[in-house]
Amino acid sequence: MISKNAKLIQRACIYVLLILGALVFVAPFAWMVSTSLKPLNETMSLPPRWLPTEIQWDNYPQAVDEMKLFWRYTANTLYLCVMTVVGSVVSSSLAAYGFSRIQWPGRDKVFVLVLATMMIPFPVIMVPLYTLFREIGWIGSYKPLWVPSFFAGAFNVFLLRQFFLTLPKDLEEAARIDGASELQIFWRVILPLAKPALIVVALFQFMATWNDFLGPLIYLTDQSDFTLALGLQAYQSKGGGTDWHYLMAASTLVVLPVVVLFFFTQRYFVEGIATTGGKG
Amino acid sequence: MGPGVSRSEKRKIIAGLLFISPWVAGFIFLTLYPLVSSAYLSLTDYSVLADPVFIGLDNYKHLATDQLFWQSLWNTFYFAVLSIPINLITAIFLAVLLNFDLTGKKIFRTIYFLPSLVPMVCMGVLWQWMLNGQVGLINQVLWPICDALNWMTGTNLAPPNWLANPAYAKAGLVLASMWGVGNAVVIFLAGLQDVPRTLYEAAGLDGCSFWQKTVHVTLPVISPVIYFNGIMSLIGSFQVFAVPYVMTNGGEGPGRSLLFSATYIFNKGFESWSMGYACAVALILFVIVLGLTLLATYLSERHVYYAAK
């Protein structure tokens, strides 16, 4: 048996480790925000200071100005987020229903194929995808970035299927006896119950679209069509990394919506991620 | 469908296929077709502007002696071998700490998780700044440590200029990737919470220390989760692109030390428009990822413990 004292020491050690770790994880954020509020000369000062002598809130509007089309980029990104969220929620819930609530021969074998497609890295297929979209004249438009989301991505199907499988079978039996079609059962019985899982898929998709860089990089040609991620990179590489106060302010602005969204939806996030690891 | 299939059975098959049809269409047009087409294009000379010209195995012959290709492959393996174990161990360690019954646990979990939400481009911009040789935060921490060591042992240590030094650029990238380990932490934490308490109690009665419990109870029970996270980081590290691309202002790093397979595919396909060649590189990357995934699965079947579900 462990004595009470030893237990206390153990707890103290764990706290110390957790706090040290937390400091390490918070530091880059703090450094980013701190830099974003400094005058340029202080970003390079040695030894560095955590607090600027005078807080330069003005860096933020300046950074927005420097990026030129910041608000345009934001609108473009939001447009893509809305389209892909709608696309992935609609298509992957349909597919997940077919993979969980209807018993058809060979279903689970096909589902293994769904999982297998998750193992294909995007860079492996991006060249032929580009040529495919080029054939149909979509390069330079948003279509290559949102249309695919209407074709049930494997990850989302997997998440929703896991959830649908946990719903009791007799739910739809009653509706089926009443002569309801599969589509009616899907729409009236299953979807209302699956709201938390649908929110998880919507959130993950929103984040993925907000973050996506390689897709916009290869498909978008006109700077006024850029997303925030691509616009930020364009701004950064143009200046070659010199205006660190503006760069950090711009980065903070791109990170902030994601962080805010997370704080409002934390519960869904944590459950959703736990599900991806095989729980559920 | 033979005559043995009943009507209701038939209806189920049709309904099932209709529901999964968005996925089927996506699989055919957005996965299968690109894969097959990639295999074909890899045998051609193709620059987008003109039709592909069949050249047999020329691209692959060229690859065999293409130094940049080998370097990108080496860099990719190097990064994977370095980052996967480090990130897995860090994630398990943090998850084990978070699994203790502590007040404020949720706050810590949030803090560890948040960086994994940071968009790749911001990650690249931020870590370019963090790793800055003169005023970067990492070196600000390392300077006093180096000074102390120098004072004690008379050595002449100095922190590296990470992103300007081929020997340190990848280590810098690993540091950045470690910051984003929170996603794996949350998955491990969920796995840890599934470990039956009775197992710990039994181990406790047998006089096992915390360390022994971790090695003999926790790790075996969460081994499926380790496998899952391992595969995910394997696939992730073999497609690393955005962070090094942004960190180097769209370049390849000092001495091409941050030229990865995905970077090379991008450069060949979309910078020099040698799309046939890019497809050959892509196909080799695909075979490698597939092979490693199968190998990991094969190994896991012998070592992973699955509880009877």
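Line by line, the protein sequences are chains A and B. Here this note's numbering is used: the first residue of the first sequence is 1, the next is one more, and so on. Here this note's numbering is used: the first residue of the second sequence is 1001, the next is one more, and so on. Ideal Cβ positions, reconstructed from N, Cα and C, are used throughout, including at glycine.
Contact with chain A by residue i, beta-carbon distance below 7 Å
{"i": "B/A1171", "result": "no"}
{"i": "B/M1001", "result": "Bear in mind that the predicted position of B/M1001 carries a pLDDT of just 47, short of 50, making it unreliable; the figure below should be weighed with that in mind. For B/M1001, the answer is no, since every Cβ of chain A falls outside 7 Å of its Cβ."}
{"i": "B/A1242", "result": "yes"}
{"i": "B/K1012", "result": "yes"}
{"i": "B/I1138", "result": "no"}
{"i": "B/Q1239", "result": "yes"}
{"i": "B/F1100", "result": "yes"}
Span of the alpha helix (DSSP H) around residue i
{"i": "A/R101", "result": "A/R101 -> no alpha helix (DSSP H), and no H or E assigned at all."}
{"i": "A/F29", "result": "4–36"}
{"i": "A/M248", "result": "244–276"}
{"i": "B/T1218", "result": "No alpha helix (DSSP H) contains B/T1218, which DSSP labels as neither H nor E."}
{"i": "A/K238", "result": "228–239"}
{"i": "B/V1195", "result": "Looking at the DSSP string, B/V1195 is not in any alpha helix (DSSP H), and its letter there is neither H nor E."}
{"i": "B/C1146", "result": "1137–1153"}
{"i": "B/T1103", "result": "That residue, B/T1103, is in no alpha helix (DSSP H); it is neither H nor E in DSSP."}
{"i": "B/Q992", "result": "As shown, chain B starts at 1001 and ends at 1309. That puts residue 992 of chain B outside it, with no answer to give."}
{"i": "A/L167", "result": "A/L167 -> no alpha helix (DSSP H), and no H or E assigned at all."}
{"i": "A/R188", "result": "Premise fails: A/R188 is in no alpha helix (DSSP H) and is neither H nor E."}
{"i": "A/A202", "result": "195–211"}
{"i": "B/S1237", "result": "1223–1238"}
{"i": "B/S1008", "result": "1007–1026"}
{"i": "B/A1171", "result": "1169–1179"}
{"i": "A/P216", "result": "214–219"}
{"i": "A/P144", "result": "143–146"}
{"i": "B/Q1128", "result": "1120–1130"}
Close Cβ partners of residue i (< 7 Å) along its chain, the five nearest in sequence each way excluded
{"i": "B/V1056", "result": "Sequence check: residue 1056 of chain B is Gly here, not Val. Cβ within range, chain order: L1043."}
{"i": "A/V64", "result": "F70"}
{"i": "B/M1178", "result": "I1086, N1087, T1090"}
{"i": "B/L1292", "result": "L1234"}
{"i": "B/S1038", "result": "C1279, A1282, L1283"}
{"i": "B/G1182", "result": "Y1112, F1113, L1114, P1115, S1116"}
{"i": "A/I36", "result": "The sequence shown places Ser at residue 36 of chain A, not Ile. Taken in chain order, the residues that qualify are N59, H245, M248, A249, T252."}
{"i": "B/S1006", "result": "none"}
{"i": "B/F1069", "result": "L1063, Y1264, V1281"}
{"i": "B/G1276", "result": "L1041, S1042, T1044, D1045, Y1046, P1052, N1059"}
Residues near residue i in its chain [Cβ-Cβ closer than 6 Å; skip 5 each side]
{"i": "B/K1309", "result": "Below a pLDDT of 50, predicted positions are generally treated as unreliable, and B/K1309, at 40, falls in that range; the measurement from the model is reported next regardless. Taken in chain order, the list of residues that qualify is empty."}
{"i": "A/S149", "result": "T84, G87, S88"}
{"i": "A/A152", "result": "S91, S92, A95"}
{"i": "B/M1120", "result": "A1242, V1243"}
Any C-beta of chain B under 7 Å from that of residue i
{"i": "A/G87", "result": "no"}
{"i": "A/P123", "result": "yes"}
{"i": "A/E66", "result": "no"}
{"i": "A/W104", "result": "yes"}
{"i": "A/E182", "result": "yes"}
{"i": "A/P128", "result": "yes"}
{"i": "A/S149", "result": "no"}
{"i": "A/N211", "result": "yes"}
{"i": "A/G272", "result": "no"}
{"i": "A/F264", "result": "no"}
{"i": "A/Q205", "result": "no"}
{"i": "A/Q56", "result": "no"}
{"i": "A/V33", "result": "no"}
{"i": "A/V258", "result": "yes"}
{"i": "A/G280", "result": "Below a pLDDT of 50, predicted positions are generally treated as unreliable, and A/G280, at 36, falls in that range; no measurement from the model is reported."}
Sequence-distant residues of its chain with Cβ nearer than 8 Å to residue i (five each side left out)
{"i": "A/N193", "result": "The question names Asn, yet the displayed sequence has Leu at residue 193 of chain A. If we look at A/L193 and ignore the five residues flanking it on each side, its Cβ neighbours are L167, L171."}
{"i": "A/L7", "result": "For the record, residue 7 of chain A in the displayed sequence is Lys; it is not Leu. Nothing meets the Cβ criterion."}
{"i": "A/K279", "result": "Note that A/K279 scores a pLDDT of 46, beneath 50, so its modelled location is shaky and nothing firm can be said."}
{"i": "B/M1232", "result": "A1184"}
* Identify every run of the alpha helix (DSSP H) within the stretch 1243–1304 of chain B, keeping only runs that are complete inside it and at least 4 residues long; order them along the chain. => 1261–1266, 1275–1303
Three Cβ pairs or more, each shorter than 8 Å: is that satisfied between the stretch 1081–1090 of chain B and the stretch 1254–1269 of chain B? no
Report task. Only counting runs of 4 or more residues, tell me where the alpha helix (DSSP H) segments fall wholly within the stretch 35–88 of chain A, in order along the chain. Result -> 40–43, 59–66
Item to complete: Check whether the stretch 193–201 of chain A touches the stretch 162–170 of chain A, counting contact only when three or more Cβ pairs, one atom from each stretch, lie closer than 8 Å.
Response: yes
- Enumerated in chain order, which unbroken segments of the alpha helix (DSSP H) with a length of 4 residues or greater are wholly contained in the stretch 109–138 of chain A? 122–135
What ranges does the alpha helix (DSSP H) occupy inside the stretch 1028–1076 of chain B, keeping only unbroken runs of at least 4 residues that lie completely in it? 1033–1041, 1058–1064
message = Does the structure place the stretch 1094–1114 of chain B close enough to the stretch 1137–1153 of chain B that three or more beta carbon pairs sit under 8 Å?
response = no
| task | Count the C-beta pairs between the stretch 180–188 of chain A and the stretch 261–280 of chain A that are closer than 8 Å, then say yes if the count reaches three, no if not. | result | no
- Task: Could you tell me whether the stretch 1245–1253 of chain B touches the stretch 233–251 of chain A, where touching means 3 or more Cβ pairs closer than 8 Å?
- Result: yes
| query | Does the stretch 242–255 of chain A touch the stretch 66–80 of chain A, meaning 3 or more C-beta pairs lie closer than 8 Å? | reply | yes
Would you call the stretch 1143–1152 of chain B and the stretch 1017–1035 of chain B in contact, with 3 or more CB pairs under 8 Å? no
Check your understanding: Okay, do the stretch 215–232 of chain A and the stretch 30–48 of chain A touch, 3+ Cβ pairs below 8 Å being the bar?
Key -> no
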